[in-house]
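In the numbering used here, the protein residues as written are 735 to 852. The beta-carbon is built from N, C-alpha and C at its ideal position, and this holds for glycine as well. First the structure, in the form of C-alpha cells, and then the observations on it.
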Amino acid sequence: MILGEKEENLPELYKKVLVMIPKGSDKPVKVSEISKLTGIGSVTVREIVSKLRVTYGYKIGTSNEAGRSGYYIIETAEEKEATIRNLRSRAYKILKVAKCNREWTRSISTRNDFVEIH
C-alpha cells in the first residue's frame with residue numbers, strides 16, 4: 735500500500751505496519767511477516783491493526799484460509815463479507831471459551847476441595 739495524505743498524521747509504527755498490508759485478498763500478509771520485516775512484535779502488530787481499523791477507519795480484512803491467511807486492504811463487498819464472517823466466527827469461539835471458564839470457576843467456588851500450597 736502506498737501512503738497518502740490521509741496517513742500523514744498516523745504514528746510512525748502505524749505507518750510501518752500499514753505500508754506492509756496489500757490491497758485485496760489475493761495475497762494477504764501474515765502477522766509474523768509484518769513483525770519480521772518491521773521489527774515490531776507480533777502482539778503490537780495486532781494491536782496496531784486493531785487501532786487502524788477502529789480508531790482510524792482503515793478497512794483491513796483478515797483471512798484464516800489455509801495458504802491464504804493474513805491481513806489485506808478490503809477492496810470488494812465480497813472481501814468485506816468474508817472478513818465479517820471470519821471475525822464473527824473467531825468472536826464466537828472466544829465467547830464459548832469464556833463461558834466454559836466461567837462455568838469451571840463456578841464449580842470450583844461451590845466445592846471445598848482447594849489444595850493449600852505451603
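For Leu813 and Arg787, what's the separation of their Cα atoms in angstroms? Translated into the one-based positions of the sequence shown, residue 813 becomes position 79. Translated into the one-based positions of the sequence shown, residue 787 becomes position 53. Leu is not the amino acid found at residue 813; the sequence shown has Glu there. Approximately 15 Å, taken between the alpha carbons.
Counting contacts by CB-CB distance shorter than 9 Å, is Thr817 in contact with chain D? No chain D is part of this structure, which consists of one protein chain only.
What does the Cβ neighbour count give for Ser766, buried or exposed, with the cut at 16 atoms within 10 Å? To locate residue 766, count along the sequence shown from 1; it is residue 32. Label assigned to Ser766: exposed.
Beta-carbon spacing of Ile768, Val779 below 9 Å: Here residue 768 refers to the residue found at position 34 when the sequence shown is read from its first residue. Here residue 779 refers to the residue found at position 45 when the sequence shown is read from its first residue. In this structure, Val779 lies closer than 9 Å to Ile768 by Cβ.
Go to Glu746, then tell me how far its alpha helix (DSSP H) extends in each direction, as first and last residue. Your numbering for residue 746 matches position 12 in the sequence shown. Unbroken alpha helix (DSSP H) run through Glu746: Glu746 to Leu752.
State the start and end residues of the unbroken alpha helix (DSSP H) segment that holds Ser776. Position 42 of the sequence shown, counted from the first residue, corresponds to residue 776. Run containing Ser776: Ser776 to Val788, per the alpha helix (DSSP H) assignment.
Between the Cα of Thr817 and the Cα atoms of Glu742, Ser759, Glu741 and Ile755, which residue gives the shortest distance? Within the sequence shown, the letter at position 83 stands for residue 817. For the residues Glu742, Ser759, Glu741 and Ile755, the minimum Cα distance to Thr817 belongs to Ser759.
Can you give me the C-alpha to C-alpha distance between Glu741 and Trp838, rounded to a whole angstrom? As a working mapping, residue 741 is identified with position 7 in the sequence shown. As a working mapping, residue 838 is identified with position 104 in the sequence shown. Rounded to the nearest angstrom, the two C-alpha atoms are 46 Å apart.
Kindly indicate the opening and closing residues of the alpha helix (DSSP H) around Ile768. As a working mapping, residue 768 is identified with position 34 in the sequence shown. Start and end: Val765 to Thr772.
Tell me whether Thr817 sits in a helix, a strand or coil according to DSSP, three-state version. Indexing the sequence shown from 1 puts residue 817 at position 83. Thr817: helix per DSSP, three-state reduction.
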